[in-house]
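Colleague:
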Amino acid sequence: MNNALEINGLTKTYDRFRLDNISFSLPEGSIMGFIGENGAGKTTTIKLILNIIRRDEGEIKIFGRDNLIDEAELKQDIGVVLDDINFPESMTPRSINKFMRHIYRRWDQHAFFDYLDKFALPQRKELKSFSRGMKLKLSIAVAMSHQAKLLILDEPTSGLDPVVRDEILDIFLEFIQNEQHSIFLSTHITSDIEKIADYITFIHQGRLVFVEETNELLNRYGILKCGLQDFEQLEPGSVLGYRKNRFGVEALVERAKFKGYTVDDASIEDIMLFIIRGEKK
Amino acid sequence: MIGLLIKDLYAVKKQLRIVLLISLIYFAVSVYSKNLGMFTGIAVMYSILLPITSMAIDEQCKWDRYALAMPLSRTAIVLSKYVLALLLNLGISLVVCALLMLAGPYGFGAYEELLPMMFTISAGAMAVIAVMLPLLYKFGVEKARLIMIIIFLIPFLLSVVASNLQVEIPLELLEKYVYLLPAAAYGLVLVSLWVSVLIYRRKEF
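If you read the protein sequences in the order shown, they are chains A and B.
Numbers 45 to 325, taken from this note's numbering, label the letters of the first sequence in order.
Numbers 635 to 839, taken from this note's numbering, label the letters of the second sequence in order.
1) Give me the residue from B:L643, B:D642, B:L683 with the minimum Cα distance to B:V775.
2) In its own chain, which residues sit with a C-beta less than 7 Å from the C-beta of B:M782, not counting the 5 before and 5 after it?
3) Output, in chain order, the set of chain A residues within a Cβ distance shorter than 8 Å of B:A645.
4) With 8 Å as the threshold, decide whether the Cβ of B:L702 is near any Cβ in chain A.
5) Hey, is A:H248's beta-carbon within less than 8 Å of any beta-carbon in chain B?
6) Using 8 Å as the cut-off, can you tell me whether the segment 154-164 of chain A makes contact with the segment 79-91 of chain A, which would need three or more C-beta pairs spanning the two stretches below that distance?
7) Between the segment 714-726 of chain B and the segment 639-653 of chain B, do three or more beta carbon pairs fall short of 8 Å?
8) Quick one: does A:S226 have its CB under 8 Å from some CB of chain B?
9) Closest to B:L658 by CA distance: which of B:I691, B:L749, B:A732, B:E809 is it?
10) When the Cα atoms are used, what is the spatial distance from A:M178 to A:K56?
11) Would you mind stating whether A:N82 and A:I93 have Cβ atoms separated by less than 8 Å?
12) Mark B:F786 as exposed unless 16 or more other C-beta atoms lie within 10 angstroms of its C-beta, in which case mark it buried.
13) Quick check: is the beta carbon of A:L70 nearer than 8 Å to any beta carbon in chain B?
14) Apply the 10 Å Cβ neighbour rule to A:M135 and answer buried if 16 or more other Cβ atoms are within range, or exposed otherwise.
15) Is the beta carbon of A:I79 closer than 8 Å to that of A:I237?
16) Chain A beta carbons: is any one of them nearer than 8 Å to that of B:S664?
17) Taking the alpha helix (DSSP H) that B:Y811 belongs to, which residues open and close that run?
18) Could you check how far apart the C-beta atoms of A:F228 and A:L70 are, in whole angstroms? I think they sit under 8 Å.
19) Report the residues of the segment 704-728 of chain B with a CB closer than 7 Å to any CB of chain A, ordered along the chain.
20) Going by DSSP, what residue range makes up the beta strand (DSSP E) through A:H146?
21) Tell me which residues share the same chain as A:T245 and place their Cβ nearer than 8 Å to its Cβ, disregarding the 5 neighbours each side in the sequence.
22) Name the DSSP beta bridge partners of A:C270, please?
23) Name the chain B residues that come within less than 9 Å of A:Y39, Cβ to Cβ?
24) What is the DSSP secondary structure of A:R109, counted as helix, strand or coil?
25) Check whether the Cβ of A:D128 lies closer than 8 Å to any Cβ atom in chain B.
26) For B:K715 and B:L638, what's the separation of their Cα atoms in angstroms?
27) Just to confirm my understanding: we take B:V823, look at its own chain, exclude 5 residues before and 5 after, and list those with CB closer than 8 Å. What are they?
28) Residues of chain C with CB under 7 Å from B:R699, in chain order?
29) Apart from the five residues on each side of it in sequence, which residues of its chain come closer than 7 Å, Cβ to Cβ, to B:S681?
30) Select from A:A192, A:V207, A:D64, A:N289 the residue whose C-alpha is nearest the C-alpha of A:D100.
31) Is A:G250 closer than 8 Å to A:F107 when the C-beta atoms are compared?
32) With DSSP as the reference, identify every bridge partner of A:N222, one or two as the case may be.
33) Please decide whether B:I691 counts as near chain A, where near means a Cβ-Cβ distance under 8 Å.
34) Give the interface partners of B:E776 over in chain A, defined as CB-CB distance under 7 Å, in chain order.
35) Starting from the beta carbon of A:Q120, find every residue of chain B whose beta carbon is closer than 8 Å, and list them in chain order.
36) Judging by CA-CA distance, which residue of A:V208, A:N263, A:E260, A:L197 is the nearest neighbour of A:T13?
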């Protein structure tokens, strides 16, 4: 299987932050969720992929081609939603259509106006009267209207209500039906990722924690609930993170190592929280 | 690049209308007072404001970050701003030119002299833009404005110092070479473009 996106040893150093040696790859035809706390380096990684900022080290390949050498050509095939809405407020969706068709070779205005209808966005209203949700939907409409093969989305669902979020996730799932299409999306909303992502990449403080298939991840980890005394007797290193409460201890563990115990399902949020905030044994 | 120009024109549409409206008001006043000189100068100098406004709008909505995510080179993004400035400058100059030729022959003011003067002012406006744009790219709109105010104080201060020291300004000599001014201004624009591209290539958003 070809990779839509391949990142090797990506490093970028700022005064107070370092994105450190990040590597992962996104196979064509799949969705990868990119998770991590605020300031973990998600937006930095996305900006590096798009060459909005310069990398210090590492290599980025998109559809097998170097992202710097073939930059302009590759970007024709990438649809982008960044964390802010970057159109001047005095513009209207209609005026955006007028200039976008000169930027993207395969700009499809019918698709664009269809998305506007689908999202119930007015064509002639200035963006300053749009809510955050409407602006986000507009960015998504733009990203999906030039026959992109790879969508790179920074927090595309934050600030949207659950109904609209679900609608947008459906649109992403529809997009991915074409097996040459892929999506890389960062988000805080881990339940969205559980619904649609095939792979999950988790970074914490600029470092990669894991890249896993979503199902495998959810199968592998679970939450063990036990009393304090039982917990003390567990092998050190067998617990990825734990927290104490008044009934005993909850611990994130690998299910395979705890056969015979009652281990509950862990959500991605649990896994993230236990790894970042949980105490280590 | 055409896409960027269209986007910029849409973004400054309102300001462009205001500039044209104010110019027309000045034109009416000038016709009334039979002195078209004032109108000519002011209308062309207003054309400087529009590219700066466009940069301010871009900065506010973090446009550049998004532009760089699209299939646009950094050089094309910078070049399009210069072309925008040039187009606005030429466009407004042409409107002024047309109005002068419309009003001049009916005795509302001497226009034969104003036409060449207008081209000099228009080139002067481009020279100001040539100084301004690299500063805007380097320091952002907020700081660049302050720096510009300081820069424009310098010729004023020099002239005060010169008159205090009773240095004779060779006006005749200057007049002789005044036709070189537009050429110098456009030369400056080219140098400025080169500097802006260098600045923008190193910039991160």
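In this text, a Cβ means the ideal position worked out from N, Cα and C, and glycines have one as well.
Modeller: Reading from the atomic positions:
1) For the purposes of this step, residue 775 of chain B is taken as residue 141 along the second sequence, with counting starting at 1. B:V775 has its Cα closest to that of B:L683, out of B:L643, B:D642, B:L683.
2) If you number the second sequence from 1, residue 782 of chain B lands on position 148. Result list for B:M782: M766, L769, in chain order.
3) Stepping through the second sequence from its first residue, residue 645 of chain B is reached at position 11. From the beta-carbon of B:A645, the residues of chain A found nearer than 8 Å are P132, S134, M135.
4) By 1-based counting over the second sequence, the position of residue 702 of chain B is 68. With 8 Å as the cut-off, B:L702 counts as an interface residue toward chain A.
5) For this step, residue 248 of chain A is matched to residue 204 along the first sequence. By this cut-off, A:H248 is not an interface position.
6) With a cut-off of 8 Å, the segment 79-91 of chain A and the segment 154-164 of chain A do not count as touching, because too few Cβ pairs lie within range.
7) Segments in contact, yes.
8) Translated into the one-based positions of the first sequence, residue 226 of chain A becomes position 182. A:S226 does not count as touching chain B.
9) Within the second sequence, the letter at position 24 stands for residue 658 of chain B. With respect to the C-alpha of B:L658, the residue from B:I691, B:L749, B:A732, B:E809 having the closest C-alpha is B:A732.
10) Start at 1 with the first residue of the first sequence, and residue 178 of chain A comes out as number 134. Start at 1 with the first residue of the first sequence, and residue 56 of chain A comes out as number 12. Computed Cα separation, rounded: 33 Å.
11) One-based indexing of the first sequence puts residue 82 of chain A at position 38. One-based indexing of the first sequence puts residue 93 of chain A at position 49. Not closer than 8 Å, so no.
12) If you number the second sequence from 1, residue 786 of chain B lands on position 152. Exposed is the call here.
13) For the purposes of this step, residue 70 of chain A is taken as the residue at position 26 of the first sequence. Chain B, which has no Cβ nearer than 8 Å to the Cβ of A:L70, makes this no.
14) The count along the first sequence starts at 1 and reaches residue 135 of chain A at position 91. Classification for A:M135: buried.
15) Sequence index remark: in the first sequence, residue 237 of chain A carries index 193 (1-based). Sequence index remark: in the first sequence, residue 79 of chain A carries index 35 (1-based). Result yes, Cβ atoms of A:I237 and A:I79 sit closer than 8 Å.
16) As a first step, residue 664 of chain B is located in the second sequence; it is residue number 30 there, counting from the start. At a cut-off of 8 Å between beta carbons, B:S664 makes no contact with chain A.
17) Stepping through the second sequence from its first residue, residue 811 of chain B is reached at position 177. B:Y811 -> no alpha helix (DSSP H), and no H or E assigned at all.
18) Indexing the first sequence from 1 puts residue 228 of chain A at position 184. Indexing the first sequence from 1 puts residue 70 of chain A at position 26. Between A:F228 and A:L70 a beta carbon distance of about 6 Å is seen, short of the 8 Å cut, so the two are scored as contacting.
19) Correct list: M704, P705, L706, S707.
20) Locating residue 146 of chain A in the first sequence gives position 102, where the first residue counts as 1. Looking at the DSSP string, A:H146 is not in any beta strand (DSSP E), and its letter there is neither H nor E.
21) Residue numbering aside, residue 245 of chain A sits at position 201 when the first sequence is read from its first letter. Same-chain partners within the cutoff: F68, M76, G77, F78, I79, L252, F254, V255.
22) Position 226 of the first sequence, counted from the first residue, corresponds to residue 270 of chain A. Its beta-bridge partners are A:V293.
23) Because chain A in this structure spans residues 45 to 325, residue 39 of chain A falls outside the shown range and cannot be described.
24) If you number the first sequence from 1, residue 109 of chain A lands on position 65. Note: A:R109 maps to strand in three-state DSSP.
25) On the first sequence, position 84 is the one that residue 128 of chain A refers to. At least one chain B Cβ lies under 8 Å of A:D128.
26) Reading the second sequence from its first residue, position 81 is the one you call residue 715 of chain B. Reading the second sequence from its first residue, position 4 is the one you call residue 638 of chain B. Rounded to the nearest angstrom, the two C-alpha atoms are 8 Å apart.
27) Within the second sequence, residue 823 of chain B is the residue found at index 189, counting from 1. Excluding residues within five positions, the ones whose Cβ falls inside 8 Å are Y716, L720, M760, A761, I763, A764.
28) No chain C appears in the structure shown, which is made up of the protein chains A and B.
29) Residue 681 of chain B sits at position 47 when you count from the first residue of the second sequence. Within the same chain, B:S681 has close Cβ partners L722, N723, I726, A759.
30) Counted from its first residue, the first sequence places residue 100 of chain A at position 56. Closest by alpha carbon: A:D64.
31) Here residue 107 of chain A refers to the residue found at position 63 of the first sequence. Here residue 250 of chain A refers to the residue found at position 206 of the first sequence. Not in contact: A:F107 and A:G250 (Cβ atoms no closer than 8 Å).
32) Looking up residue 222 of chain A in the first sequence gives position 178. According to DSSP, A:N222 bridges with nothing at all.
33) On the second sequence, position 57 is the one that residue 691 of chain B refers to. Yes, contact with chain A.
34) Locating residue 776 of chain B in the second sequence gives position 142, counting from the first residue. By Cβ distance, chain A contributes nothing, its closest Cβ being about 18 Å from B:E776, past 7 Å.
35) What you label residue 120 of chain A is simply residue 76 of the first sequence in a count that begins at 1. Against chain B, the beta carbon of A:Q120 has neighbours under 8 Å at P705, listed in chain order.
36) Given a span of 45 to 325 for chain A in the structure shown, any question on residue 13 of chain A remains unanswerable.
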